[in-house]
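Each position in the sequence shown, counted from 1, maps to that position plus 32 in the numbering used here.
All residues carry an ideal CB built from backbone N, CA and C; glycine is no exception.
Report on the following structure.
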Amino acid sequence: MDIAARLQQIEELVRTAKSMPLSSSVLLNQQEVLEILEAAQGELPEEIKQARWVVKDREELLAKARRDGEAIVHQAQEERVRLLSREQVVKSAQAESERLLEEAREMARQIRLEAEDYVDAKLAQFEIVLERTLGELQKSIGQVRRGRDKLRGVSVAEEEFGTAEPEEQQ
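Rendered as structure tokens:
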């Protein structure tokens, strides 16, 4: 079960919880909510593993792009040497080899850029999922805290401003 499903479980618990008379407070099974939150926290490392996998995949793609680019450059250089060995086509061979070399460099650059764009898009999607999950988790934790505070009888105003102490008479 992923983090989003865990958060939906908490939301469902809050929505279906028995409400307190004359109040917007509800009764929640603290142990059940805490177990779900702990399970969600336990799944965060899996999400992080996935992010590391995407980064590793990016590095492998970049390494392959570099190897492919180097192979293309090497082939172009070999072709250049072969063409230069023929005296009757020395000038045209130089021009062709430079063109091939530039083409190889451009292809290697394109492969690298495409690999970086792909990985960047995947990381951006993953970042969005993590931010959404974090927001939902923080919202749920806030709801649980407010619910617990209400059960203990602590009002929101007391929590924010402290308890009112009577002024000392002079």
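Buried or exposed (CB count within 10 angstroms, at least 16 for buried), residue i
{"i": "I42", "result": "buried"}
{"i": "A136", "result": "buried"}
{"i": "A97", "result": "buried"}
Delimiting residues of the alpha helix (DSSP H) encompassing residue i
{"i": "L116", "result": "62 to 116"}
{"i": "L39", "result": "35 to 48"}
Closer than 7 Å to chain D by CB, residue i
{"i": "A125", "result": "Looking for chain D here will not work: only one protein chain is present."}
Inter-residue CB distance, residue i and residue j (contact presumed, cutoff 8 Å)
{"i": "I35", "j": "A83", "result": "The pair is not a contact, with the Cβ atoms about 13 Å apart (cut-off 8 Å)."}
{"i": "Q175", "j": "V46", "result": "6 Å"}
{"i": "M52", "j": "L59", "result": "7 Å"}
{"i": "R112", "j": "S129", "result": "3 Å"}
{"i": "A147", "j": "L94", "result": "6 Å"}
Selected residue, minimal CA-CA separation from residue i, among the options
{"i": "I80", "options": "R178, A125, R98, E159", "result": "E159"}
{"i": "L132", "options": "E75, K88, D100, A108", "result": "A108"}
{"i": "L183", "options": "S56, L115, L39, S172", "result": "S56"}
{"i": "K18", "options": "Q62, L54, R90, G179", "result": "With the chain covering only 33 through 202, there is no way to say anything about residue 18."}
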